[in-house]
Amino acid sequence: MKAQIIDVVSFMPERRVVNEPPEGSSEDALADNAFFSGVHERRFASPDYLSEDLGVRAVERLLERTGILPETIDLLVCSCIFSDTFWPGIGPAIQHRVGARQATILNIDTSCSSYLSGLNTARAFVESGQYKRVVVVTVTNFISRLPEFQKSRRSSVLGDGASATLVMPGAASIIARYERSHGEHYGLFRFEPDVVDGVFKNYWERGCGPITVNFSRDMVEAIRTNALQLVPDAVGRCLAEARLSPSDVNLLITHQPNETFLKEWRARIGILPPRTHDTLSRYGNLFQGSIPVTLADALESGRIRRGDIVALGTFSNGGDFVSSMVLRWQ
């Protein structure tokens, strides 16, 4: 028994936030760094949507497109950046609200690689025969909830949105996969409270500051070095496992952090436009939602046809995890 990706959809909040060109000089030495470039507009979810709302809308759209009844879903694999409560995750809420009363849930977190980890998990369950219908859900409801961080131009690459993917028995969609943890880079990129009156307090301490990302020049350069090495290497290894070369790939879709990474990844992998598809300028960096939202956009715009080879690649945080997958679209 093989696992087939039946469909991929996205749900994007209606609220558009357009990035205005910077005016004059900035006191922030990193504000004009290429690390934060390439986004014209993005979507904000809060306060209009809870994280569970985004997941529900994405799954409902998937069910409508595929004709699958919610009670026939066996498993929901959920990944969320900023759930509605610190704990628990939103998986059970989505399961209940969409009417998937026979389904169990699995919350998964490998950060920006979570979608590919979720697909691999769905593949394993389907091919083992344990589950027949698995829905992989990603939800990003991050930047719209951080009004203090929004004041920094370094936040201008971040957006919100959701996706849902149906995996069922059928013709094999996943023909190669590669995942590897690089724990030596753990902690390089963190969401944590900002300093208040010169004092840092952890998120569990009373009086901690608002959540932010405390970028530094050294941090940005280290992430750049890791990302530009890890993602092309992972895609190359995955293609080799599939016994394919870059020239065999019909479409490359990577994580969408900034335009500099996109250009450099393409050059190093050896797949240049027009055999790529991006949503960075319209939706920004959606973390684990970047690949499925871009994949859904490629499907809706006719960029992917049956039999096409699609290569996917991403990294997480500061480079502590990397993932790639090669699909044959069925």
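When you line the sequence shown up against the working numbering, it's residues 1 to 330, in that order.
Here a beta-carbon is modelled for each residue, glycine too, at the ideal position from N, C-alpha and C.
Source: prediction; values computed, not measured.
What runs of the beta strand (DSSP E), each 3 residues or longer, lie entirely inside the stretch 69 to 130?
Complete beta strand (DSSP E) runs here, min 3: 75 to 81 and 104 to 107.
Find out if the Cβ-Cβ distance for the pair Pro169, Pro193 is shorter than 8 Å.
The residue labelled residue 169 in the question sits at position 169 within the sequence shown. The residue labelled residue 193 in the question sits at position 193 within the sequence shown. Judged by their CB atoms, Pro169 and Pro193 are not nearer to each other than the 8 Å cut-off.
Range covered by the beta strand (DSSP E) that runs through Gly55:
For the purposes of this step, residue 55 is taken as residue 55 along the sequence shown, with counting starting at 1. Per DSSP, Gly55 belongs to no beta strand (DSSP E); it is in the alpha helix (DSSP H), Ser51 to Thr66.
Using a Cβ-Cβ distance cut-off of 8 Å, determine whether Asn120 contacts chain B.
No chain B appears in this structure, which consists of one protein chain only.
From Thr72, Met219 and Phe82, residue whose alpha carbon lies closest to that of Gln102:
By 1-based counting over the sequence shown, the position of residue 102 is 102. Checked all of Thr72, Met219 and Phe82; the closest Cα to Gln102 is Thr72.
Where does Met219 fall in DSSP's three states?
Locating residue 219 in the sequence shown gives position 219, counting from the first residue. Helix at Met219.
Verify whether the separation of the beta carbon atoms of Leu166 and Thr66 is less than 8 Å.
As a first step, residue 166 must be located in the sequence shown, where it is residue number 166. As a first step, residue 66 must be located in the sequence shown, where it is residue number 66. The criterion of a C-beta distance shorter than 8 Å is satisfied by Leu166 and Thr66.
Sequence-distant residues of the same chain with beta carbon closer than 7 Å to Ile94, five excluded per side:
As a position in the sequence shown, residue 94 is number 94, starting the count at 1. Excluding sequence neighbours, Ile94 sits near Glu52, Gly55, Val56, Val59, Leu76, Cys78 and Val137.
In whole angstroms, give me the CA-to-CA distance for Gly302 and Arg15.
As a first step, residue 302 is located in the sequence shown; it is residue number 302 there, counting from the start. As a first step, residue 15 is located in the sequence shown; it is residue number 15 there, counting from the start. Gly302 and Arg15 have their C-alpha atoms some 25 Å from each other.
Secondary structure at Thr165, three-state DSSP: helix, strand or coil?
Here residue 165 refers to the residue found at position 165 when the sequence shown is read from its first residue. Of the three classes helix, strand and coil, the one that applies to Thr165 here is strand, per DSSP.
Between Leu327 and Ile175, how many whole angstroms is the CB-CB distance? I'm expecting something under 8 Å.
What you label residue 327 is simply residue 327 of the sequence shown in a count that begins at 1. What you label residue 175 is simply residue 175 of the sequence shown in a count that begins at 1. The Cβ separation is near 7 Å, so the contact holds.
Alpha carbon of Cys208 to alpha carbon of Glu148, nearest angstrom:
Here residue 208 corresponds to residue number 208 of the sequence shown, with the count starting at 1. Here residue 148 corresponds to residue number 148 of the sequence shown, with the count starting at 1. If I take the Cα positions, the gap works out to 13 Å.
Sequence-distant residues of the same chain with beta carbon closer than 6 Å to Asn120, five excluded per side:
The sequence position of residue 120 within the sequence shown is 120, counting from 1. The residues are Arg177.
What separation, rounded to the nearest whole angstrom, lies between the Cα atoms of Ile304 and Glu20?
Against the sequence shown, residue 304 aligns to sequence position 304. Against the sequence shown, residue 20 aligns to sequence position 20. Spanning the two alpha carbons is a distance of roughly 33 Å.
Can you list the beta strand (DSSP E) stretches of 3 or more residues lying completely in the stretch 150 to 203, in chain order?
The stretch 150 to 203 contains these whole beta strand (DSSP E) runs: 161 to 169 and 174 to 181.
6 Å Cβ shell around Glu179 - same chain, five flanking residues per side excluded
The residue given as residue 179 occupies position 179 in the sequence shown. Its chain contains Ser323 as the residues whose beta carbon lies nearer than 6 Å to that of Glu179, once the 5 sequence neighbours on both sides are disregarded; these appear in chain order.
What does the Cβ neighbour count give for Asp297, buried or exposed, with the cut at 16 atoms within 10 Å?
In the sequence shown, the residue the question calls residue 297 occupies position 297. Buried, because 16 or more other Cβ atoms sit within 10 Å of the Cβ of Asp297.
For the candidate residues Pro70, Arg43, Glu184 and Gly313, whose alpha-carbon lies nearest to that of Val157?
As a working note, residue 157 is residue 157 in the sequence shown. Among Pro70, Arg43, Glu184 and Gly313, the Cα nearest to that of Val157 is on Arg43.
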